[in-house]
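**Student:** Under our numbering, the sequence shown has 350 at position 306, and the numbering climbs by one with no breaks. First, the structure itself, so that you have it in front of you.
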Amino acid sequence: MQKQNNGQYLYSPSDLVRYIKSPFASIMERLLCEGEISRDLKNQETDEAKLLTDGGFEHERKFEETLSQQHKTVTRIAGDNLQEKQDNTIKAMQAGDEVIVQGYLSYLPFAGFADFLIKVSGKSSLGDYHYEVWDTKLSHRVKPEYLTQLCCYAEILKEIQGVLPDYLTIALGNDQNERIKTIDCFAYYQAIKAAFLQEQNKFDKTKKPHPADYKEWGQWSDYAQNLLIKEDHLFQVANIRYQQIKKLNEAGIKTLSELSQTNLNAIQGINQKAFERLKQQAELQEKAKSGELPFRIITPNQNELIGLALLPPHSASDVYFDIEGFPFEKDGLEYLWGVTYFEGDERCFNCYWAHDREQEKKAFEDFITWVYQRWHNDKSMHIYHYAAYEITACKKLMGRFGVCEYEVDELLRHGVFVDLYQIVRSGLLAGVSKYSIKDLEPFYNFKREGEVANGGDSIVAYDEYRKLWFDGQQEQARLKLDAIKAYNQKDCDSTQELTFWLRKQQQANHIDYMNLNATTQNEKNKTEEEIAKELEKAQKQAERDRLRQSLLSRAMTDTQLQMFKNLAWMLDFHEREAKPTWWRLFDRLGLTEDELFDDFDCLALCQRTQKAPFEHEEDRITNLAYQYTFDTNQEFKVATKRFYVWGEDTDKGKELTVKFLEKLSDLKKGVITVQCSQALPQRMTLIPDEFVNPKPIPLALKNVIEDICKGSQQHLAIQQFLARERPVIDGHTNNDIVIATEPQQRLNEIIEIVKNLQNSYLVIQGPPGAGKSYTAKHIIAELLKSGKKIGISSNSHKAINHLLLTTMQYCQHKGIKAHFVYTKEDEALERQQAKRVENAQLHNQIQNACVLGTTAWGFAREDMTNQLDYLFVDEAGQVAVANLIAMSRSAKNLILMGDQMQLGQPIQGTHPLESGSSILDYLLRDQATIDNKMGVFLSESYRMHSAVNQYISDYIYDGKLHAHPDNDKQLIHLPNDYQGELNKQAGVVFVPVHHQHNTQASDEEVDKIKSLVDELLTRKLTTKEGETRQVTWQDILFIAPYNHQVRKLQDELGSQAKVGSVDKFQGQEAPIVILSMCTSDAAEAPRGLDFLFNKNRLNVAVSRAKCLAIIVASPQLQITKVNSVEQLKKVNLFCGLVESPNN
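The structure is reproduced here in structure tokens:
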């Protein structure tokens, strides 16, 4: 950032990086340039930062040497001033020099020196070549800010050469060159640049930014923290939220002291219990100002499972555990496993290092084996840790590597892991501004020293260790590891001393331990049935282990070995997939009702109504029904019909469950009715029973894999698929599967391909509106003419029945006789007189020219083996490969239809290698579209206007999806001389709505959408068929990411509005789609920015629109701070959507 003589500012790409990291720091830097503040307020540059800078210059010099050896013309730009350097850079580009070093690029108001410009082929204004920008970075990973810098240089290059380079390249410190597509980050850069320039243009040097309005302070953090302390700002109160500060300010409470002394008993907009806790917290922090160490123990009510009631008694075998993780390795690397324990009276420490995946696996195995054996020898032993990181890592790695699964399950099931943070959070209040373990250490007089002071320091130190080791500086690298180890040991020792201190408080306050998990005590009381089940489970595991070894011993090639490894891991797919269900249940049973209030899947604090329990028969069950009311401000989605009742047991000591009666409930009005075998309490909290029994799928899966292991030729189709072989098609000699481009010819060709499959498979990828169902019904109809026996499957009965219905209607229209069978109640199929049966009777319906529709639970049955000629799997991007294998034995040929770029597989577990993949994700890996040599890509959308399709094609389908010309007849007509927000006849319109502190709902967006609808309903539209008519409610879909916003929209717009989440509308379409993002800050969004900006979900939402997609959102979402390249790509996708009208 440089102020020029004319008063204008010249910015560098690094100024954008500063702004991304901290808008506060960006404004402070401008104030410094203006001479309004002293440089003394800025943090001092550390010696470490200086070393990094010097190392960066050396890395750049070495890379230049490498390029000099690889290229003939390497030109380093020289000049006496910036203008001369700019001129020389352009001359070198025009001359076609292969490499240009330190080229000066300028396109006001941005300018800077690009490390390297590399000549590549491709037309531009320079000729048949153009330049890409390369940058050197000492880091071993690509950081998001690097790409923002490169995008800035790429944009300047476009002004010189007329084309934007397709790729950006980072030459990393580990000699790896990472290439990123420019389209994957350029829209985000544009948004950041626009916000930065807007901030600079409205800059007022008389106004200093306030630290409380920002989350990051950059190199001005010391100044910011001192100011907040000086002002006694509410920001200091531990665990306070922005929204709560706002509400307190509105009530006249501006400082921590005022909060600690307030006589108010309630604040509008803050939960009563939360307000009381904030007041008590402030009181303790106010006392702490005088140097005291005040704290207050929260005494649990009788039978209340909170706080110190969850702290087990001491065992001499107890261990105290802490992991150091490196988040910047792909999927994270848990590189140090530390544990403190006692041998007699001596405190000991041990650790396990891991610098790559194999070592990580070994460290995990060694640690779990050690603690499991220790627990096996002493069942009173526990593993203490602080916060959820350690237990989350163990769950992740047991899935990633497929090892120690039994041991971790046992430790979890018996409650051996104890999270001290959960005990602290619900068990005491302390005079500290944060509840990290380091903030609590003064209370138990724990002292720290050392080079590494916190978790952030450990990540930096480990990154430096990797660089030093790579550069051959082993001795310095080992010193870094020693410092990290010392820090980790301190963390483990601190965990131990915190445990002892908490136990003293437990005893002093006469709080008894309440064992959350009584399994250990009940071990001796197992029933014969339970013992038999455990024995059966052990026998099945032994069988799977034998089969796994047999599989791996048969591999002849690397490809076969990889396939067999995946098959081996798939043997445990369903068990692994069920584990998170049980973990969540266990975790939820241990939470308080207030905590469950914030869980989308739970329904907390339901209150019995005056209505007496009544008899209601459903599914031949006559248990009494009970009516309850609940707070509709809860985000609640019903994903199951059975729920556990928190804190309640049956007469036999099992967890009590109830059945949800949908027809007798009105969730929008806060009324729920449930059915139970015993009397229910006046107040209850519901926790979902999410377990779905996978039988008979696992057995079928095992049998098919067993056959493959024996070399059987029975299952050729699935074996070709698993090996990613090209489909086997009788008489087919073309390189591409389908070569015709004219729609009818193409359809006929696909039909012939399917008819000529030779015990093989075919993938048909159908993007939005590309006619997947249309194609499928024509194929099936032609097969029925030949008397073929056909199955239709998917994850959902809705998808199955939809394809059944459209095919049945088409066959009836064409006079094709066939027998249609379904297994899930469907009024439309019933009206068409299709036959409904249970899965157990499905095999009895097999006859020539039949179509059977059911899920994997039906087709995996043994009595369905070899019954079908073709199995069509719809929405194959959502169906697990493991389930496909189980179903595959029912049919000779497999037709796999779907689109992995739309809603993905609802996977829960973590699975090794590719064993947890969906069908299409497995086959295509990271490809957006299927190769024409491997399958069929339906490349023409019959739904979206080209102005909508362009975004979907460019950002989702590598530019391969085209809009049918007739789609452009679809228009929403504008009034004459219209100047408002909805200023497009077709395409994407962004409507910015400014709001703050909204997470899962926004009244501001609801109000804006209501006004947009009022405007739209006065418009006329023209359909693809050329009909012009008035826009109606039926022409608009309203989509929101969260159910809370869905409810708000439905309440405001009324029953005539079609409102729902993305999941509800997959497969549907309308002329107009209005997408409400509703979140103010993606960092605060439920389920995070990965959910909010999920590529598949955005694809489905926008591609419902035939004509107009309206995005209503906070403009701040475009400049969401990102911590990884993957996150940047997700936000970039949203930015591309917002900017698409201007592309």
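Ideal placement from N, C-alpha and C gives every residue a C-beta, glycine not left out. As the structure is a computational prediction, the values presented were derived from the model and not from experiment.
With DSSP run on the structure shown, which of helix, strand or coil describes A582?
**Tutor:** If DSSP states are grouped into helix, strand and coil, A582 belongs with the helices.
**Student:** Answer with buried or exposed for D248, where buried requires no fewer than 16 other C-beta atoms within 10 angstroms of its C-beta.
**Tutor:** Exposed is the call here.
**Student:** Return yes when the Cβ of I795 is within less than 8 Å of the Cβ of E826, no when it is not.
**Tutor:** It is a contact, given that the beta carbons lie within the stated cut-off.
**Student:** Helix, strand or coil for V1175 per DSSP?
**Tutor:** Helix at V1175.
**Student:** Is it buried or exposed, L1172, if we count other Cβ atoms within 10 angstroms and call 16 or more buried?
**Tutor:** With 16 or more Cβ atoms within 10 Å of its Cβ, L1172 is classed as buried.
**Student:** Run through DSSP, which three-state label would I1155 get?
**Tutor:** In the structure shown, I1155 sits in a strand (DSSP, three-state: E or B).
**Student:** Cutting at 8 Å between CB atoms, please list the residues of its own chain near P624, excluding the five before and the five after it.
**Tutor:** K439, Q952 and G953.
**Student:** Which value, in whole angstroms, describes the spacing of the CA atoms of L766 and L915?
**Tutor:** Looking at the two C-alpha atoms, the distance is approximately 16 Å.
**Student:** Closer than 8 Å is the cut-off here; do at least three beta carbon pairs connect the region 78-92 with the region 111-118?
**Tutor:** The answer is no - the region 111-118 does not touch the region 78-92, with fewer than three Cβ pairs under 8 Å.
**Student:** Among Y866, R547 and N1138, which residue has its Cα nearest to the Cα of L896?
**Tutor:** Here the closest residue by C-alpha is Y866.
**Student:** Whole-angstrom Cβ separation of M614 and A926, contact assumed at under 8 Å?
**Tutor:** The Cβ separation is near 5 Å, so the contact holds.
**Student:** What distance in whole Å lies between the Cβ atoms of A872 and L847, which are believed to be in contact at a cut-off of 8 Å?
**Tutor:** Wrong, their Cβ atoms sit about 12 Å apart, outside the cutoff.
**Student:** Is the CB-CB distance between G351 and L472 below 8 Å?
**Tutor:** In contact: G351 and L472 (Cβ atoms closer than 8 Å).
**Student:** Around the Cβ of V798, are there at least 16 other Cβ atoms within 10 angstroms (buried) or fewer (exposed)?
**Tutor:** Label assigned to V798: buried.
**Student:** Counting pairs of beta carbons, one from the region 531-546 and one from the region 481-500, are three or more of them closer than 8 Å?
**Tutor:** Segments in contact, yes.
**Student:** Enumerate in chain order the residues of its own chain whose CB-to-CB distance from D131 is below 8 Å, with the five nearest sequence positions on each side excluded.
**Tutor:** Once the five neighbours on either side are set aside, the close Cβ partners of D131 are G123.
**Student:** What residue range is occupied by the uninterrupted beta strand (DSSP E) comprising Q809?
**Tutor:** Counting along the chain, the beta strand (DSSP E) containing Q809 begins and ends at Y805 to Q809.
**Student:** At the level of alpha carbons, what is the spacing between H660 and S997?
**Tutor:** Each residue's Cα considered, the two are about 52 Å apart.
**Student:** What would DSSP say about M941, mapped onto helix, strand or coil?
**Tutor:** Strand.
**Student:** Under a three-way DSSP split, which group does W1077 fall into?
**Tutor:** Helix at W1077.
**Student:** Should S165 be labelled buried (16 or more other beta-carbon atoms within 10 Å of its own) or exposed?
**Tutor:** So S165 ends up on the exposed side.
**Student:** For H887, tell me which candidate among K879, D870 and M908 has the shortest Cα-Cα distance.
**Tutor:** With distances taken between Cα atoms, H887 lies closest to M908.
**Student:** Return the CA-CA distance between G835 and L938, expressed in angstroms with no decimal places.
**Tutor:** Computed Cα separation, rounded: 10 Å.
**Student:** Curious, which full-length alpha helix (DSSP H) runs of at least 4 residues does the region 627-669 contain?
**Tutor:** Correct list: 637-640.
**Student:** Using three-state DSSP, classify M728 as helix, strand or coil.
**Tutor:** The answer is strand: DSSP assigns M728 an E or B state.
**Student:** Leaving out five residues before and five after S594 in sequence, what residues of the same chain have Cβ atoms less than 6 Å from its Cβ?
**Tutor:** If we look at S594 and ignore the five residues flanking it on each side, its Cβ neighbours are C753.
**Student:** In the region 943-1009, which residue ranges form an unbroken alpha helix (DSSP H) of at least 4 residues, counting only runs that do not cross its ends?
**Tutor:** Those alpha helix (DSSP H) runs which fall completely within the region 943-1009 and span 4+ residues are 963-968 and 990-1000.
**Student:** Rounded to a whole number of angstroms, what is the C-alpha to C-alpha distance between S817 and T850?
**Tutor:** Each residue's Cα considered, the two are about 8 Å apart.
**Student:** Would you give the residue range spanned by the alpha helix (DSSP H) that S165 belongs to?
**Tutor:** Here S165 belongs to no alpha helix (DSSP H); instead the beta strand (DSSP E) covers F154 to S168.
**Student:** Select from S709, T717 and S983 the residue whose C-alpha is nearest the C-alpha of A784.
**Tutor:** Measuring from the Cα of A784, the nearest candidate turns out to be S983.
**Student:** What would DSSP say about S470, mapped onto helix, strand or coil?
**Tutor:** Here S470 sits in helix by DSSP.
**Student:** Is it the case that the Cβ atoms of Y211 and T192 are separated by a distance below 8 Å?
**Tutor:** Taking 8 Å as the Cβ cut-off, Y211 and T192 do not qualify as a contacting pair.
**Student:** Give me the Cα-Cα distance between L484 and K274, rounded to the nearest whole angstrom.
**Tutor:** Distance between the alpha carbons of L484 and K274 is about 23 Å.
**Student:** Give the secondary structure of R285 by DSSP, where H, G and I count as helix, E and B as strand, and everything else as coil.
**Tutor:** Coil.
**Student:** Nearest by alpha-carbon distance to I200: which of S183, K181 and Q234 is it?
**Tutor:** Per the Cα distances, Q234.
**Student:** Near D141, which residues of its chain fall below 8 Å by C-beta distance, leaving aside the five closest residues on each side in sequence?
**Tutor:** For D141, where only same-chain residues beyond five positions count, the Cβ hits under 8 Å are T117, V118, T119 and K163.
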